[in-house]
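If you're matching positions, the sequence shown starts at 1 in UniProt numbering and goes up one per residue.
Let me begin by presenting the structure, written as structure tokens, before commenting on it.
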Amino acid sequence: MPFPFFKQPDSMDCGPACLRMVAKHYGRNIKIQLLRKLCEVDREGVSLLGISDASEKIGFRSLGAKLNLSDLREAELPCILHWRQNHFIVLYRIKRNKYYIADPAKGLIALNEKDITSAWVSDKDENEGVALLLSPTPHFYEDDSGSQKTVSWSFLLRYLVTYRKLVLQLIFGLAIGTLLQLVTPLLTQSIVDIGINNRNLNFIYLVIIAQAMLIIGRVSVDFIRSWILLHISSRVNISILTDFLIKLMKLPISFFDSKMTGDIMQRMSDQQRIENFLTGSTLNTIFSMLSLVVFSVVLAYYNVTIFLVFLTSSILYLGWILVFLKRRREINYKSFEISSKNQSNIVQLITGMQEIKLNNCEQQKRWEWEHLQARLFKFNVKNLALSQYQQGGSTFINESTNLLITLLSAKAVIDGNLTLGSMVAVQYMVGQLNSPIQLFLSFIQGFQDAKISLERLSEIHELDDEEPIDKEFNHELPNNLSVSINNLTFKYPGAGSEPVLQNINIQIPQGKTTAIVGMSGSGKTTILKLLLRFYEPQKGEIKIGDQALGNISFKTWRSSCGTVMQDGFIFSDTIERNIAVGDETADKQKLRNAIKIANIQDLIDGLPLGLNTKIGAEGNGISQGQRQRLLIARAVYKNPQYIFFDEATNALDANNERVIMHNLKEFFDGRTVVIVAHRLSTVSNADNIILLRNGQIAEQGNHRELTKLKGEYYHLVKNQLELGT
Numbered sequence: 001m002p003f004p005f006f007k008q009p010d011s012m013d014c015g016p017a018c019l020r021m022v023a024k025h026y027g028r029n030i031k032i033q034l035l036r037k038l039c040e041v042d043r044e045g046v047s048l049l050g051i052s053d054a055s056e057k058i059g060f061r062s063l064g065a066k067l068n069l070s071d072l073r074e075a076e077l078p079c080i081l082h083w084r085q086n087h088f089i090v091l092y093r094i095k096r097n098k099y100y101i102a103d104p105a106k107g108l109i110a111l112n113e114k115d116i117t118s119a120w121v122s123d124k125d126e127n128e129g130v131a132l133l134l135s136p137t138p139h140f141y142e143d144d145s146g147s148q149k150t151v152s153w154s155f156l157l158r159y160l161v162t163y164r165k166l167v168l169q170l171i172f173g174l175a176i177g178t179l180l181q182l183v184t185p186l187l188t189q190s191i192v193d194i195g196i197n198n199r200n201l202n203f204i205y206l207v208i209i210a211q212a213m214l215i216i217g218r219v220s221v222d223f224i225r226s227w228i229l230l231h232i233s234s235r236v237n238i239s240i241l242t243d244f245l246i247k248l249m250k251l252p253i254s255f256f257d258s259k260m261t262g263d264i265m266q267r268m269s270d271q272q273r274i275e276n277f278l279t280g281s282t283l284n285t286i287f288s289m290l291s292l293v294v295f296s297v298v299l300a301y302y303n304v305t306i307f308l309v310f311l312t313s314s315i316l317y318l319g320w321i322l323v324f325l326k327r328r329r330e331i332n333y334k335s336f337e338i339s340s341k342n343q344s345n346i347v348q349l350i351t352g353m354q355e356i357k358l359n360n361c362e363q364q365k366r367w368e369w370e371h372l373q374a375r376l377f378k379f380n381v382k383n384l385a386l387s388q389y390q391q392g393g394s395t396f397i398n399e400s401t402n403l404l405i406t407l408l409s410a411k412a413v414i415d416g417n418l419t420l421g422s423m424v425a426v427q428y429m430v431g432q433l434n435s436p437i438q439l440f441l442s443f444i445q446g447f448q449d450a451k452i453s454l455e456r457l458s459e460i461h462e463l464d465d466e467e468p469i470d471k472e473f474n475h476e477l478p479n480n481l482s483v484s485i486n487n488l489t490f491k492y493p494g495a496g497s498e499p500v501l502q503n504i505n506i507q508i509p510q511g512k513t514t515a516i517v518g519m520s521g522s523g524k525t526t527i528l529k530l531l532l533r534f535y536e537p538q539k540g541e542i543k544i545g546d547q548a549l550g551n552i553s554f555k556t557w558r559s560s561c562g563t564v565m566q567d568g569f570i571f572s573d574t575i576e577r578n579i580a581v582g583d584e585t586a587d588k589q590k591l592r593n594a595i596k597i598a599n600i601q602d603l604i605d606g607l608p609l610g611l612n613t614k615i616g617a618e619g620n621g622i623s624q625g626q627r628q629r630l631l632i633a634r635a636v637y638k639n640p641q642y643i644f645f646d647e648a649t650n651a652l653d654a655n656n657e658r659v660i661m662h663n664l665k666e667f668f669d670g671r672t673v674v675i676v677a678h679r680l681s682t683v684s685n686a687d688n689i690i691l692l693r694n695g696q697i698a699e700q701g702n703h704r705e706l707t708k709l710k711g712e713y714y715h716l717v718k719n720q721l722e723l724g725t
């Protein structure tokens, strides 16, 4: 079947057209208008990042990479290539040094290696070019009509469909293994009935050689099957975890305030359980069922009575296992809860060790951990007891069946209904039948565990994305960048919680600096979080010019905001990459400017590797003041239109604060700035100062106006600014 081709309607539509072709190749016909909107096409066209974002919104897993031709031959096709530095095309096949591309401007073309190198390779030194690798996730195949998505088994089985060629090879290997197992009891019977009875040693040698070859063949098939299974399971596991992380990163920031670290980590463990079930239990059980049917038919042919005994015991075995499923489900949920707390506790112990030692609470924290281990031990005892009851009954049924079948087959030989070879074959077949039965029962338990994990997984996948695909967002800010907060009321989630902000009305003019001050708990940081869209207000609205903030794309808004929060995060990476977060290659001019404004050159000069020094949890420790200067440098590097600082200088010494505030004064010029501070020396030059008290505005004006009032602001600052009385 030829590769689907769509011509680009406009000169700037090459990116959406390429994405449309790839989507059609995988079975979905998506309108170019939707893809154009998702790619955020403008007069300058579309970027690789825009295509990547759009592909993930319609259900692809994307990876942008610089590859050489050798890597490209190993890549999953079709993929999108950055072509001649100003265009995008689809590479959909490589065969015999011919590269088959779909150029949305020209059509389907076959190129040789020289042509593809001259048009695609951008880095001549490394002989590399830029490619966007795409693979469909289960979400890609879902109906995107806007209805709530439920994670079902079909959703998960689509991970296996992606690797259907490998799955078919695995199925073929399992089928061969089953046939080889079927031949073995027949050969054993022939040794006894023909070789031994006729005293024909040459025949026995021949059969033994045949059995040896079968064993070699079966072992070889098992080896190959294990390699294929490892390949599939590794890829499926990475795909499931990648899709889980993609979904997590699409969720609102407020989600992470309500989830413990251990909960999220345990859900990642759930992914492993589902992957094991899909790639291990499911495929093996399918072919064990084939073995069960084949060997059951052969056993019934040999002796119907023995077959009926085996069938009855199998039904009893199955019933016994099903009795315990409800209790196992309860234990599984309890296990998740305790394991989640254990994960969170361990993370807390490690990350909080400094505070633990400073406060001499080592014993208390260790005891808390030991109490949790005691609960875990009690749970494990209950789990073991349940497993022993289940295993004991299963063993009794199984062994009783084996003894009864041995008795019946021996009696049949004595009565002349079975030959001795047939008896040996029957015993072998019963042994082979026991294995599928036990595997099927394990499958039932694995199915239950995977189903429970799927339910927990559904809790995440069914949550609404921060930017739902069916809702239109503005991807450009209005000309008027002033911010207005109108009649805003907000309270944090939780029954009985009181409003943190009540009927707040604030005007934040474009290009001006607005400071928010007040006692702890007055709602200062909450206003900043609402402006940054951590949460949505319960009442009232926030507007940028004449547009509601809720109608502006989250990415568009945050890309326009430089932020320093109280608990800003330092990554385990180099200083350069901590400042230039989000850029693959740092802009040296912007980097130098950010370092200068944040006055952090002294820290960099004092380190042996300079900007390449690794800091964070896995690198050099830095002081709180150095950390804040890095966060300020990160915000400045973005060169944003809005600046939001939450206690950004409270850990700085007086000299550094003075230098940085002087540098920032020039940087603030023409930008809309909101500063939250306790340290009021940082806000005295603000164009407007808002004082909050218990979630309401108590006073408002500039520094001079508020000090003249001699109200709350005056009393709040008089000691710091030495105003006297």
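Just so it is clear, CB atoms sit at the ideal spot from N, CA and C, and this is done for glycine as well.
This one's a predicted model, so the numbers in the text were calculated from it and none came from an experiment.
Asked: Inter-residue spacing [alpha-carbon to alpha-carbon] between S623 and G610; Found: 16 Å
Asked: Contact the segment 499–517 vs the segment 688–707: 3+ CB pairs below 8 Å; Found: yes
Asked: Cβ-based neighbour list, D193, same chain, cut-off 6 Å, excluding 5 preceding and 5 following; Found: T419 and G421
Asked: Residue environment, R61, which counts as buried when at least 16 other CB atoms sit within 10 Å; Found: buried
Asked: Where Y301 sits in the DSSP three-state scheme; Found: helix
Asked: Counted within 10 angstroms of its Cβ, other Cβ atoms place T682 as buried (16 or more) or exposed; Found: buried
Asked: Buried/exposed call for F377, threshold 16 Cβ in 10 Å; Found: exposed
Asked: Same chain, Cβ closer than 8 Å to N599, neighbours up to 5 away in sequence not counted; Found: R629, N656, V659, I660 and N663
Asked: Beta-bridge pairing of E699 - partner residues as DSSP gives them; Found: L691
Asked: Own chain, CB closer than 7 Å to T150, minus 5 neighbours either side, in chain order; Found: Confidence at T150 is low in this model, with a pLDDT of 49, below 50, so its placement is unreliable and no value can be given for it.
Asked: Residues of its chain near E498, where Cβ-Cβ distance is below 7 Å and the 5 sequence neighbours each way are ignored; Found: K491
Asked: Nearest residue (CA-CA) to N503, options K512, K638, S484 and H139; Found: S484
Asked: Nearest-angstrom Cα separation, counted from Q33 out to K95; Found: 33 Å
Asked: Integer Cβ distance of L132 from L48, believed to fall under 8 Å; Found: 6 Å
Asked: Contact under 9 Å by Cβ, V46 with M12; Found: yes
Asked: P136 - partner residues in DSSP beta bridges; Found: F60
Asked: Segments assigned beta strand (DSSP E), at least 3 residues, entirely inside the segment 57–128; Found: 60–67, 79–83, 87–95, 98–103 and 107–111
Asked: Limits of the unbroken beta strand (DSSP E) element including Y642; Found: Y642 to D646
Asked: Length of the line joining the Cα atoms of I615 and F569; Found: 12 Å
Asked: Three-way DSSP call (helix, strand, coil) for D573 in this model; Found: strand
Asked: V500 in three-state terms, based on DSSP; Found: coil
Asked: Neighbour-count burial assignment, F140, 16 or more Cβ in a 10 Å radius; Found: buried
Asked: Identity of the residues DSSP links to A515 by a beta bridge; Found: I675 and I689
Asked: Selected residue, minimal CA-CA separation from M265, among V347, L230 and L251; Found: V347
Asked: Residue interval of the alpha helix (DSSP H) (run including C361); Found: From DSSP, C361 is part of no alpha helix (DSSP H); its letter is neither H nor E.
Asked: Cβ contact check for the segment 393–404 and the segment 300–320: 3 or more pairs under 8 Å; Found: yes
Asked: Cross-strand partners of F244 (DSSP beta bridge); Found: For F244, which the question treats as bridged, DSSP gives no partner whatsoever.
Asked: Nearest neighbour of L631, chosen from M565, L706, G195 and F256 [CA to CA]; Found: M565
Asked: Proximity winner among L299, A586 and R273, relative to I452 (alpha-carbon distances); Found: R273
Asked: Per-residue DSSP class, three states only, for E337; Found: helix
Asked: F310 - DSSP class collapsed to helix/strand/coil; Found: helix
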